Amino acid sequence: MAGPHLQQPSFLLATLKADCVNKPFAQRCHDLETVIEEFPAKELHSIFPWLVESIFGSLDGIIVGWNLRCLQGRTNPTEYSVALDFLDPSGPMMKLVYKLQAEEYRYDFPVSYLPGPVKASIQEQVLPECSLYHNKVQFPSSGGLGLNLALNPFEYYMFYFAISLITQKNSPIAHHISPSNSAYFILVDTYLKCFLPTEGSVLPPPSSNPGGAIPSPTPRSPAVPFTSYGMHHTSLLKRHIAHQPSVNADPASQEIWRSETLLQIFVEMWLHHYSLEMYQKMQSPHVKESFKPTEEHVLVVRLLVKHLHAFSNSLKPEPLSPSAHSHTASPLEEFKRVVIPRFVQQKLYIFLQHCFGHWPLDASFRAVLEMWLSYLQPWRYAPEKPPQTAELLPRSVSEKWAAFIQENLLMYTKLFVGFLNRALRTDLVSPKNALMVFRVAKVFAQPNLAEMILKGEQLFLEPELVMPHRQHRLFMTPTLSGSFFSSWPPTITDASFKVKSHVYSLEGQDFQYKQMFGTEVRNLVLKLAQLICQAQQTAKSISDHSAETSASHSFFSWFKFTPSEMNGSYTGNDLDEIGQDSIKKTDEYLEKALEYLCQIFKLNEAQLTQMMMKCGTAQDENGKKQLPDCIESEDGLILTPLGRYQFADQMDVLCSREDFVGRFCRYHLTNPHIIQKIRYSPVLKDRTNQNWGPRISLRFLASYRTLVSLLMMYFIASWFYIGPVGCTFIILLGYFLYAVIMTFFYEGWKPHEH
Numbered sequence: 003m004a005g006p007h008l009q010q011p012s013f014l015l016a017t018l019k020a021d022c023v024n025k026p027f028a029q030r031c032h033d034l035e036t037v038i039e040e041f042p043a044k045e046l047h048s049i050f051p052w053l054v055e056s057i058f059g060s061l062d063g064i065i066v067g068w069n070l071r072c073l074q075g076r077t078n079p080t081e082y083s084v085a086l087d088f089l090d091p092s093g094p095m096m097k098l099v100y101k102l103q104a105e106e107y108r109y110d111f112p113v114s115y116l117p118g119p120v121k122a123s124i125q126e127q128v129l130p131e132c133s134l135y136h137n138k139v140q141f142p143s144s145g146g147l148g149l150n151l152a153l154n155p156f157e158y159y160m161f162y163f164a165i166s167l168i169t170q171k172n173s174p175i176a177h178h179i180s181p182s183n184s185a186y187f188i189l190v191d192t193y194l195k196c197f198l199p200t201e202g203s204v205l206p207p208p209s210s211n212p213g214g215a216i217p218s219p220t221p222r223s224p225a226v227p228f229t230s231y232g233m234h235h236t237s238l239l240k241r242h243i244a245h246q247p248s249v250n251a252d253p254a255s256q257e258i259w260r261s262e263t264l265l266q267i268f269v270e271m272w273l274h275h276y277s278l279e280m281y282q283k284m285q286s287p288h289v290k291e292s293f294k295p296t297e298e299h300v301l302v303v304r305l306l307v308k309h310l311h312a313f314s315n316s317l318k319p320e321p322l323s324p325s326a327h328s329h330t331a332s333p334l335e336e337f338k339r340v341v342i343p344r345f346v347q348q349k350l351y352i353f354l355q356h357c358f359g360h361w362p363l364d365a366s367f368r369a370v371l372e373m374w375l376s377y378l379q380p381w382r383y384a385p386e387k388p389p390q391t392a393e394l395l396p397r398s399v400s401e402k403w404a405a406f407i408q409e410n411l412l413m414y415t416k417l418f419v420g421f422l423n424r425a426l427r428t429d430l431v432s433p434k435n436a437l438m439v440f441r442v443a444k445v446f447a448q449p450n451l452a453e454m455i456l457k458g459e460q461l462f463l464e465p466e467l468v469m470p471h472r473q474h475r476l477f478m479t480p481t482l483s484g485s486f487f488s489s490w491p492p493t494i495t496d497a498s499f500k501v502k503s504h505v506y507s508l509e510g511q512d513f514q515y516k517q518m519f520g521t522e523v524r525n526l527v528l529k530l531a532q533l534i535c536q537a538q539q540t541a542k543s544i545s546d547h548s549a550e551t552s553a554s555h556s557f558f559s560w561f562k563f564t565p566s567e568m569n570g571s572y573t574g575n576d577l578d579e580i581g582q583d584s585i586k587k588t589d590e591y592l593e594k595a596l597e598y599l600c601q602i603f604k605l606n607e608a609q610l611t612q613m614m615m616k617c618g619t620a621q622d623e624n625g626k627k628q629l630p631d632c633i634e635s636e637d638g639l640i641l642t643p644l645g646r647y648q649f650a651d652q653m654d655v656l657c658s659r660e661d662f663v664g665r666f667c668r669y670h671l672t673n674p675h676i677i678q679k680i681r682y683s684p685v686l687k688d689r690t691n692q693n694w695g696p697r698i699s700l701r702f703l704a705s706y707r708t709l710v711s712l713l714m715m716y717f718i719a720s721w722f723y724i725g726p727v728g729c730t731f732i733i734l735l736g737y738f739l740y741a742v743i744m745t746f747f748y749e750g751w752k753p754h755e756h
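Quick note: the sequence shown uses the numbering used here, first residue 3, plus one each step.
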């Protein structure tokens, strides 16, 4: 590549575009690294938007870019490694970002591609509550089209990176690709660890000038008023984008501005697709949803949730002296203190509520479920480790998490009710659905967790009248997404007021709270317990049926028909394809889930036992097991005459076949000469003293003859699993013995003359 003094920016861009067609991926990245190192910021400025789009794809999804979501080390090890190195926080691309950041360049990002609530708000000239958008909205010049955000290079890069998870959702993804192993997923994890570190501080950005510092972006003025959703609207026309001097930048903001910016972008692009008003409208099942998250999207959000818990839990213990705290706490430590309640809680709650209400009733909901359970258990990501002696015992939830549980009460209670309503509409015989019920029950059954949730409910339900000093207070919706350095309301020490503020800020002042440990929800839990019992009985019947018919598959498959042809009443289940091991797993999941639910809600043991007995004696309404009419005997179940009549339908199926099996059965089960011999046999007449031979129907003969000749041989052959050749031999031998016996009985006597 020629030196900078020989190239013009337009020619540089044209050359790089041509390289995309003519050069392999690794060579292109190497050339780009050289360009970033050698060219000045003025010339790199013109290629930056094109380079970002060529990596992450276009906002309309037409240009796929590097397709990081499908790039995996197992399938494309070279490209995978090169891409991760190039986009690493200390790699060439980030060096370019900081190089342009030093010159305070701005790049336009169309408002039309922002999440729905943000786009609608800005288009209505209402400034969103998130400070990420403050002082950035740029109105079109005369003749221009649409609104834009004026972003600095770091913001522009991260906007494209985050939103590519949404805009590129229609790109082809093979079924064998695991999202958690993709280059995109790894980069999300890398950026979180770099800019939201659990140990140490944020690494300073690399500088091309030794000893020089990369300035933070134009500071956001906390004195500038702005409107929030549901509050008075202030026109954006009063606040056009204008360059402000950076000499007044807060030194504290210099330290963590990248941390705050990265988090806000991730939360806005991944979670802020439903406003409070939109969420309330979406409660109706008839409303068409405007945005459908994918399973991969949810997995990335779970990664964010888990890291934020680890980041927040890495907060250093507070010093004993309050004065010491104010002098020693770093901006990063203060950021850890408020990162979840201020930036994440509200948008994540609405996102989860939408998923619980609109996600399909299938196994893909497991991704949403695990993301929710990860948020509910911050103690799993705490630095302290449990004692080794207690590893085998359930770990009790420490009282130190009581404040988190109370300030996230709806995350535990209302979403639990939402899960109950989903579980009551799913097929719990399915192992995957049974596993989800088991997972939720296991988490909520952790020692001391239910008690702390109950305490939070009691605090919320505490009447205001008994506390006069709180009678006239209004529960206001706090600004949860403002800048970290903007004004923050004073710390509230009243636990009851904290819980009420949390609930009303998420659901509104008129919200009617449904107690998790109240009568209504308890009845839902009992209904789920009954459904679990029924599912266990159904799984058992399927298991029994599978055991009875597993051997028939090896024998009857030789004759090219399946057990379902022999019993039209059996409708099947996904367990048939999975096998006995999964049936056993289903039973284990449901058994433990029932045990955990009893622990959580203190279910009455006698009532539960009665319900289980009722389920055990109830008729199987799903038709999974419909045996012919039988009676109990010392040897087990035996067919009644009615049962033999019902069982003969299977013989009719055999006789109607047009192959060898059909001809064989028709000859032996419908041969008139044989029927005549049996009908007038003295054995039958003399032994019963009744001439009931003529009343023997073809169906009875079919069942009798089959049990003696065909089915007996099938059971023997299948039991020893000797294969088609062995089966043939045993059938022929059995037929020979049968012929000898029949000859001995019937040819020895002459039929009675009539």
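Cβ coordinates follow ideal geometry from the N, Cα and C atoms, glycine included.
These figures come from a predicted structure and were not determined experimentally.
(request) Measure the CB-CB distance between E531 and L599 and report whether it falls below 7 angstroms. (result) According to the sequence displayed, residue 531 carries Ala and not Glu. For A531 and L599, yes; Cβs fall inside 7 angstroms.
(request) Please state if the CB of E409 and the CB of H311 are separated by a distance shorter than 7 angstroms. (result) If you check the CB distance, H311 and E409 do not come in under 7 angstroms.
(request) Would you give the residue range spanned by the beta strand (DSSP E) that Y1 belongs to? (result) Residue 1 is absent from the model: the chain starts at 3 and stops at 756.
(request) Taking A497 as part of the beta strand (DSSP E), name the residues at either end of that continuous run. (result) Run containing A497: none in the beta strand (DSSP E); it sits in the alpha helix (DSSP H), 497–509.
(message) Suppose you measure from the CA of S133 to the CA of N150; what does that come to, to the nearest Å?
(response) Computed Cα separation, rounded: 16 angstroms.
(message) Just to confirm the assignment, what range does the alpha helix (DSSP H) spanning E105 have?
(response) Note, E105: premise wrong, no alpha helix (DSSP H); not H, not E.
(request) Check whether the region 49–61 touches the region 149–169, taking contact to mean three or more Cβ pairs, one atom from each stretch, closer than 8 angstroms. (result) yes
(request) Below 8 angstroms CB to CB, which residues in the same chain sit around V439 once its five sequence neighbours on both sides are set aside? (result) A425, L430, L530, I534, Y591, L592, A595
(message) Determine whether the beta carbon atoms of I38 and K97 lie at a separation below 7 angstroms.
(response) yes
(request) Can you grab the Cα-Cα spacing for the pair L451 / E636, in whole Å? (result) 51 angstroms
(message) Since D507 and E464 should fall inside the 8 angstroms C-beta cutoff, what is the C-beta to C-beta distance between them, to a whole number of angstroms?
(response) According to the sequence as given, residue 507 is Ser; it is not Asp. The pair is not a contact, with the Cβ atoms about 18 angstroms apart (cut-off 8 angstroms).
(message) Against chain C, does G75 count as a neighbour if the rule is that its beta carbon must be under 7 angstroms from one of theirs?
(response) Among the chains of the structure shown, chain C does not appear; only one protein chain is present.
(request) Measure the CB-CB distance between H299 and L167 and report whether it falls below 7 angstroms. (result) yes
(message) Distance check for R76 and Y757, CA to CA, integer angstroms please.
(response) What the structure shows of the chain is the stretch from 3 to 756, and residue 757 is not part of that stretch, so it cannot be assessed.
(request) Would you kindly work out how many angstroms separate the C-alpha atoms of Q355 and M271, rounded to a whole number? (result) 17 angstroms
(message) Less than 7 angstroms between C-beta atoms, sequence neighbours within five positions excluded: which residues of the same chain meet that for N606?
(response) none
(request) Report the three-state DSSP secondary structure of Q127 (helix, strand or coil). (result) coil
(message) Distance check for H47 and T17, CA to CA, integer angstroms please.
(response) 15 angstroms
(message) Can you tell me which residues form a DSSP beta bridge with Q140?
(response) N150
(message) Spatial neighbours of I640 within its chain, please: C-beta separation below 7 angstroms, excluding the five flanking residues on both sides.
(response) Taken in chain order, the residues that qualify are C632, I633.
(message) Beta-carbon within less than 6 angstroms of P492's beta-carbon, same chain only, minus the 5 sequence neighbours each way: which residues are those?
(response) Note that P492 scores a pLDDT of 45, beneath 50, so its modelled location is shaky and nothing firm can be said.
(request) Tell me whether P221 sits in a helix, a strand or coil according to DSSP, three-state version. (result) Bear in mind that the predicted position of P221 carries a pLDDT of just 47, short of 50, making it too unreliable to give a figure here.
(request) Count the other CB atoms, across all protein chains shown, that sit within 10 Å of the CB of T521; report buried if there are 16 or more and exposed otherwise. (result) exposed
(request) Under the assumption that Q103 contacts V113 (Cβ atoms under 8 angstroms), give the Cβ distance between them as a whole number of angstroms. (result) Cβ-Cβ separation between Q103 and V113: approximately 22 angstroms, too far for a contact (criterion under 8 angstroms).
(message) For the alpha helix (DSSP H) containing C357, name the first residue and the last one.
(response) 347–360
(request) From the DSSP output, in three-state form, read off S635 for me. (result) Strand.
(message) Which residue wins for smallest C-alpha separation from F110, given the options P117, V84, V120, Q140?
(response) The question names Phe, but residue 110 in the sequence shown is Asp. Closest by alpha carbon: Q140.
(message) Can you tell me whether S12 is buried or exposed? The criterion is at least 16 other CB atoms within 10 Å of its CB, across all chains shown.
(response) exposed
(request) May I ask you to report which of helix, strand or coil DSSP gives L375? (result) helix
(request) Using beta-carbon positions only, say whether F88 and P79 come within less than 7 angstroms of one another. (result) no
(message) I need the DSSP call for I38, collapsed to helix, strand or coil.
(response) Helix, per DSSP.
(request) Would you list the residues sitting across from I640 in a DSSP beta bridge? (result) I640 pairs with I633.
(request) Look up Q514 in the DSSP assignment and give the residues it is bridged to. (result) Beta-bridge pairing links Q514 to no other residue.
(message) Per the DSSP calculation, Q74 is bridged to which residue(s)?
(response) S184
(request) Leaving aside the five residues before and after G118 along the sequence, list all residues of the same chain whose C-beta is less than 7 angstroms from its C-beta, in chain order. (result) Closer than 7 angstroms at Cβ, skipping near neighbours: H275, S292, F293.
(request) Please list, in chain order, all residues of the same chain as T200 whose beta carbon is under 7 angstroms from its beta carbon, the five residues on each side excluded. (result) A312, F313, S316
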